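Undergrad: Heads up: the sequence shown is residues 698 to 1055, going by our numbering.
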Amino acid sequence: MAPITRRGLNRALLHRQGLLTPWTCSPATAIDRLIGLQAQSPSAPYFGLWSRLESFEPAQLARLLETRKAVRATMMRGTLHLFTAADYLRVRPVLQPMLTGFVRGLRYGKDIERLDQDKLLDAGRRLLTEQPLSAADLGAALASYFPGTASDSLAMAVRMMVPAVQPTPRGVWGRGGKATFTTAAAWLGTDPGAAGSPDELVRRYLKAFGPATVADVQNWSGLRGLREVVDRMRPSLRSLRDEDGRELVDVPRGPLPDPDTPAPVRLIAEYDNLTLSHADRSRVIADEHRAATATANGVIPGMVLVDGMVAGTWKLTKTTVTLRELSPWTPAQRAEVEALAHRALEFAAPGEHHHVVG
698 MAPITRRGLN RALLHRQGLL TPWTCSPATA IDRLIGLQAQ SPSAPYFGLW SRLESFEPAQ
758 LARLLETRKA VRATMMRGTL HLFTAADYLR VRPVLQPMLT GFVRGLRYGK DIERLDQDKL
818 LDAGRRLLTE QPLSAADLGA ALASYFPGTA SDSLAMAVRM MVPAVQPTPR GVWGRGGKAT
878 FTTAAAWLGT DPGAAGSPDE LVRRYLKAFG PATVADVQNW SGLRGLREVV DRMRPSLRSL
938 RDEDGRELVD VPRGPLPDPD TPAPVRLIAE YDNLTLSHAD RSRVIADEHR AATATANGVI
998 PGMVLVDGMV AGTWKLTKTT VTLRELSPWT PAQRAEVEAL AHRALEFAAP GEHHHVVG
């Protein structure tokens, strides 16, 4: 079989992400297909679904959050994601070793290593069950039990090692609210199960982001040691090669569209996993564009896709979208980008007087 080209990988990724042809499924189904949506910005999951679904209204996702059928929680790579509640309960146990390692591998781990870990987690679980707390308030409360230990280290350890979620109104469209945490058991009525096998998570990643290398899967999840997992799964996977001769693995019937398939202009949400979920991200964003969009505080801007590749950024502020070119757009491409920016404004601020600049 001929190597799969970078453009072929691009079209496969866009297809599996609902960015070639919009999906007609429910928001909950889309969230599960994507294995969650980045949620560092409260509005990001809404735009993540808007860019992928044929018909989507903010109230649909708000309703999932308010009825506790979707939750915001710390998941892949130790970052905040939005999951359906059922999927959160399935996936969190698989990610727990990574989250525990995250704490222990940084200064937080050094700060708490002398403490009785079980007592710390029991205290944190009790405090978060009694009432939702911000990270700062949780740390202050824990410091009264464990004097002499940095409060932010205490809070971080509990947030990463105790299954916790962000309750509403945080994340609900149009409402806002302080970022607080409570236990999964208090909010959902049950805790995630015991530690699970990563096999199914790897398979789901390939369905949503493949074909991919082992390094890609590890970059997306934050998990390590997945080479052994992939080797174990080989009888149920297919093997491909990219243009550089690297092995890629995939699910047996993972779609591989023609590399010349047209890719419509798309506006991608802040922090969107489309641009964060591979060790080698050149299938969707050039290295020079990654450098041009990097910020000191780790903010990932909304991205403009032109012919399937990141070619600019966009930022929505109230009733204005500001565009920035990273590579030159033709007049026809600019017209498409601006038309889509107006659609984004109508989605976010219907009936207002809108502006597109840049």
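We treat Cβ as the ideally placed atom computed from N, Cα and C, and that holds for glycine.
Note that the structure is predicted; figures quoted are calculated from it, not measured.
(1) Check MET773 in the structure and name its three-state DSSP category.
(2) CB ARG856 to CB ALA891, shorter than 8 Å?
(3) Which first and last residues belong to the beta strand (DSSP E) in which ASP939 is found?
(4) Does the beta-carbon distance from ALA854 to VAL800 come in below 8 Å?
(5) Is it true that the CB of ARG1031 sits closer than 8 Å to the CB of SER748?
(6) Taking 8 Å as the cut-off, decide whether the C-beta atoms of LEU920 and MET772 are in contact.
(7) Would you please state the rounded distance, in angstroms, between the beta carbons of LEU706 and ASP939? I believe it to be under 8 Å.
(8) Can you tell me where the beta strand (DSSP E) with VAL1053 in it begins and where it stops?
(9) Could you tell me which uninterrupted beta strand (DSSP E) segments, each at least 3 residues in length, are contained entirely in the region 911-963, listed from first to last along the chain?
(10) So what's GLY999 in DSSP terms, helix, strand or just coil?
(11) Mind listing, in chain order, the continuous alpha helix (DSSP H) runs of no fewer than 4 residues lying wholly within the region 967-1031?
(12) Just curious, the alpha helix (DSSP H) that SER850 is in, first and last residue?
(13) Name the two residues that bound the continuous alpha helix (DSSP H) containing ARG765.
(14) Does DSSP classify ILE809 as helix, strand or coil?
(15) If you follow the alpha helix (DSSP H) that ASP888 is part of, which residue opens it and which one closes it?
(16) So is GLY715 buried or exposed if we call it buried at 16+ other beta carbons inside 10 Å?
(17) Check VAL791 in the structure and name its three-state DSSP category.
(18) Go to GLY874, then tell me how far its alpha helix (DSSP H) extends in each direction, as first and last residue.
(19) Checking 8 Å against the spacing of the C-beta atoms, do ASP825 and ALA861 come in under that value?
(20) Apart from the five residues on each side of it in sequence, which residues of its chain come closer than 7 Å, Cβ to Cβ, to LEU903?
(21) Is GLY836 closer than 8 Å to ASP815 when the C-beta atoms are compared?
(22) The alpha helix (DSSP H) that contains ALA741, what's its start and end?
(23) Below 8 Å between beta carbons: does that hold for VAL1001 and ALA1008?
(24) Between the Cα of ALA654 and those of TRP917, LEU851, ARG1021 and GLY942, spot the shortest distance and give me the residue it belongs to.
(25) Between ASN916, MET1006 and VAL926, which lies nearest to HIS975 when the distance is taken from Cα to Cα?
(26) Please report the distance separating the alpha-carbon of GLY874 from that of GLN863.
(27) Have a look at ARG900, THR721, PRO954 and ALA782 and flag the residue whose alpha-carbon is nearest the alpha-carbon of PRO932.
(28) Between which two residues does the alpha helix (DSSP H) harbouring PHE906 extend?
(29) So what does DSSP say about LEU731, is it helix, strand or coil?
(30) Select from ALA756, VAL788 and ASP977 the residue whose C-alpha is nearest the C-alpha of ARG872.
(31) Between which residues of its own chain and GLU751 is the CB-CB distance below 7 Å, once the five residues before and five after are set aside?
(32) Quick check on the DSSP output: the alpha helix (DSSP H) that includes GLY705 runs from which residue to which?
(33) Using the rule of at least 16 other Cβ atoms within 10 Å of the residue's Cβ for burial, across every protein chain shown, is GLN828 buried or exposed?
(34) Taking all protein chains shown into account, decide if HIS986 is buried (16 or more other Cβ within 10 angstroms of its Cβ) or exposed.
TA: On the basis of the data shown:
(1) helix
(2) no
(3) Element bounds for ASP939: n/a, residue is neither H nor E.
(4) yes
(5) no
(6) no
(7) 7 Å
(8) 1052-1054
(9) 935-938 and 944-947
(10) strand
(11) 984-990
(12) 848-858
(13) Counting along the chain, ARG765 falls outside any alpha helix (DSSP H), and DSSP gives it neither H nor E.
(14) helix
(15) Where ASP888 is concerned, there is no enclosing alpha helix (DSSP H), given that its DSSP letter is neither H nor E.
(16) buried
(17) helix
(18) Per DSSP, GLY874 belongs to no alpha helix (DSSP H) and is neither H nor E.
(19) This sequence places Leu at residue 825; Asp is not what is there. In contact: LEU825 and ALA861 (Cβ atoms closer than 8 Å).
(20) ALA909, VAL946, ASP947, VAL948 and GLY951
(21) no
(22) 741-747
(23) yes
(24) There is simply no residue 654 to check, as the chain begins at 698 and stops at 1055 in what is shown.
(25) ASN916
(26) 10 Å
(27) ARG900
(28) 896-906
(29) coil
(30) ALA756
(31) PRO719, TRP720 and THR721
(32) 703-713
(33) exposed
(34) buried
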